[in-house]
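If you count the sequence shown from 1, you need to add 745 to reach the working numbering. Glycine residues also receive a C-beta, built at the ideal position from the N, C-alpha and C atoms. Please read all numbers here as calculations on a predicted model, not as lab measurements. These notes are about the structure you will find just below.
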Amino acid sequence: MESFIATAQRSSEIADAAAQHPEKYRVLTGERPTGPLHLGHYFGTIHERVRLQRTGVEMFLVLADYQVITDRDTTARVRENVHGAVLDYLAAGIDPDRATIFAHSAVPELHQLMLPFLSLVTEAELHRNPTVKSEFESSGRALSALLLTYPVHQAADILFCKGNLVPVGKDNLPHVEMARVIARRFNERYGDVFPVPDALVTASPEVPGLDGRKMSKSYGNAIALSMTPDETVAAIRGTRTDSERRITFDPQLRPGVSALLSTAALCLDVSPLDLADRIGDGGSNALKNVVASAVNDYLEPMRARREQLAKDPELVRSVLRHGNEKARAVAEVTLVEVREAMGTVY
Ligand code: TRP
């Protein structure tokens, strides 16, 4: 696989190309609805999607409910998480008239692509995927066949709509690479059906979680977009810092303090070093006050929109109904093409 730097470089060229010729691109990306979306999602990818939407590219957003059970055995709260994610998207500026928002499980034809796709990769290739490896290790359980093969499933997510531009975080790059391999091998074997998709890695830095590790729902170190201002203050107040009065940015030695600085710096659009200087000898207390107001001020307009949208309980359902129908129609057409290419039309 090419290096991350090369991918990032190519990403910025592709982003420019998409802005100039939006009609040539179809964006497909999405989420695993394992919990509420948080600031890491926002700065990592949602922000970028809203920007892409403005250029006029067509966009599909998958709420990948089948990916929830890759490494856990419950679907409790999936519905709540899917609905919450739709509200977050809309509040962040995704326009459901322009973007197709759908759930995996509502599009049966998408999953049928997985069968021919599985025939195009080897078990050894699946075992080599570094993201699957680390997800398997942190799951602390036996490797399920779905966890091992979900990158192939994700290729179906991307290719069912002939997505050719896939905005993702770094950890999803191996999956986009797998989709590229599958598209090429399918086309070689059966004739040209699929585009070879490009990953688009976002330029914005990864948002650290409140403890300095990656921001993740499962680490409990995340600021959810849907939190109230008071919950946000409590989450920030509850983080571990240290007793040094002088605030400095040092992610190695002071992960807690530095994570807070990074978070506020993103919201304020300043550098964490400058922010540390500004807080100076104020200690953790001053730091936490600055961070809590930076985050709450930043999220305030989005949260106000979210609250407004949530008043109409039919809204989310109708966005999903519409998105599911649209995705299904597209998947049906692709499946017909696949069957024609494979000669399995009877
Ligand atoms: N695996 C992605 C994540 O971890 C979610 C996802 C599912 C996805 N299908 C996708 C991302 C297709 C990009 C394209 O969040």
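Spatial neighbours of residue i in its chain, beta-carbon cut-off 6 Å, leaving aside the 5 residues before and after
i: D816; result: E880, S884 and L892
i: P1017; result: F994, L1006, S1007 and A1010
i: A1021; result: I992, T993, F994 and L1006
Nearest-angstrom Cα separation, counted from residue j out to residue i
i: T993; j: E758; result: 35 Å
i: V1035; j: L1006; result: 9 Å
i: R824; j: L808; result: 10 Å
i: A760; j: R925; result: 18 Å
i: Q997; j: R982; result: 21 Å
i: H856; j: L1080; result: 10 Å
i: V938; j: V1083; result: 7 Å
i: V866; j: V1078; result: 24 Å
i: V1061; j: Y1043; result: 24 Å
i: A1072; j: C906; result: 8 Å
i: R1050; j: H786; result: 18 Å
i: F847; j: A869; result: 32 Å
i: A1074; j: T845; result: 12 Å
i: G829; j: E1085; result: 39 Å
i: D818; j: Y895; result: 15 Å
i: F749; j: Y1091; result: 45 Å
i: L860; j: Y935; result: 14 Å
i: E933; j: P853; result: 26 Å
Inter-residue CB distance, residue i and residue j (contact presumed, cutoff 8 Å)
i: A901; j: N1069; result: That belief does not hold up - the Cβ atoms of A901 and N1069 are roughly 16 Å apart, past 8 Å.
i: D840; j: T876; result: Not confirmed; about 30 Å, so no contact.
i: V911; j: R929; result: At roughly 15 Å, the Cβ-Cβ gap does not stay under 8 Å, so V911 and R929 are not in contact.
i: R990; j: D1026; result: 5 Å
i: P767; j: V802; result: 4 Å
i: L858; j: L806; result: The pair is not a contact, with the Cβ atoms about 18 Å apart (cut-off 8 Å).
i: F931; j: V897; result: Contact flag wrong, Cβ pair sits at about 12 Å.
i: A944; j: S756; result: 7 Å
i: Y770; j: N874; result: About 26 Å; that fails the 8 Å criterion.
Residue i - containing alpha helix (DSSP H), residue span
i: L806; result: Not the alpha helix (DSSP H): L806 falls in the beta strand (DSSP E), residues E803 to L808.
i: I981; result: P974 to R982
i: V1064; result: P1058 to M1087
i: A1039; result: G1028 to A1055
i: L945; result: Segment D943 to V946 is the beta strand (DSSP E) holding L945; no alpha helix (DSSP H) there.
i: T752; result: F749 to Q765
i: T800; result: H792 to T800
i: D956; result: Careful: D956 lies outside any alpha helix (DSSP H) and carries neither H nor E.
i: V1002; result: P1000 to L1013
i: L860; result: M859 to L863
i: P875; result: P875 to S884
i: D995; result: Segment: none, D995 is in no alpha helix (DSSP H) and carries neither H nor E.
i: P781; result: First-last for P781: undefined, no H or E at that position.
i: R1023; result: P1017 to I1024
i: H872; result: E868 to H872
Residue i - containing beta strand (DSSP E), residue span
i: T774; result: R771 to E776
i: V938; result: V938 -> no beta strand (DSSP E), and no H or E assigned at all.
i: D842; result: No beta strand (DSSP E) holds D842; DSSP gives it neither H nor E.
i: L910; result: L910 to V913
i: L891; result: Looking at the DSSP string, L891 is not in any beta strand (DSSP E); the run it does join, the alpha helix (DSSP H), is A890 to L904.
heavy atom of the ligand GTP below 7 Å from residue i C-beta
i: H920; result: Among the ligands modelled here, namely the ligand TRP, the ligand GTP does not occur.
Spatial neighbours of residue i in its chain, beta-carbon cut-off 8 Å, leaving aside the 5 residues before and after
i: A764; result: T800
i: R1008; result: First, the residue type needs correcting, since residue 1008 is Thr and not Arg in the sequence shown. Cβ neighbours of T1008 beyond the five flanking positions: L784, V952, P953, L955, I968, V1036, A1039 and V1040.
i: G914; result: G789, T790, V946, T947 and E951
i: D995; result: V1002 and S1003
i: Y964; result: G954, D956 and R958
i: D987; result: R999, G1001, V1002 and S1029
Residues of its chain near residue i, where Cβ-Cβ distance is below 7 Å and the 5 sequence neighbours each way are ignored
i: A753; result: V946
i: V813; result: R777, P778, T779, T820 and V823
i: T977; result: I968, A1037, V1040 and N1041
i: M960; result: H783, L784, G785, V952, P953, G954, N966 and A967
i: D810; result: P778, V823, V827, A848, H849 and S850
Below 8 Å, how does it come out for the region 770–785 and the region 958–978: are there three or more Cβ pairs, yes or no? yes
Sufficient close CB pairs (3 or more, under 8 Å) joining the region 1043–1057 to the region 1026–1033: no
Decide yes or no for the touch test of the region 1037–1044 against the region 1010–1021: beta carbon pairs closer than 8 Å, at least 3 of them. The region 1037–1044 makes contact with the region 1010–1021, as at least three CB pairs between them are under 8 Å.
Could you check whether the region 834–845 touches the region 921–934, counting it as contact only if at least three pairs of C-beta atoms, one from each stretch, sit closer than 8 Å? no
Please confirm if the region 934–948 is in contact with the region 985–1005, defined as three or more CB-CB distances below 8 Å between the two stretches. no
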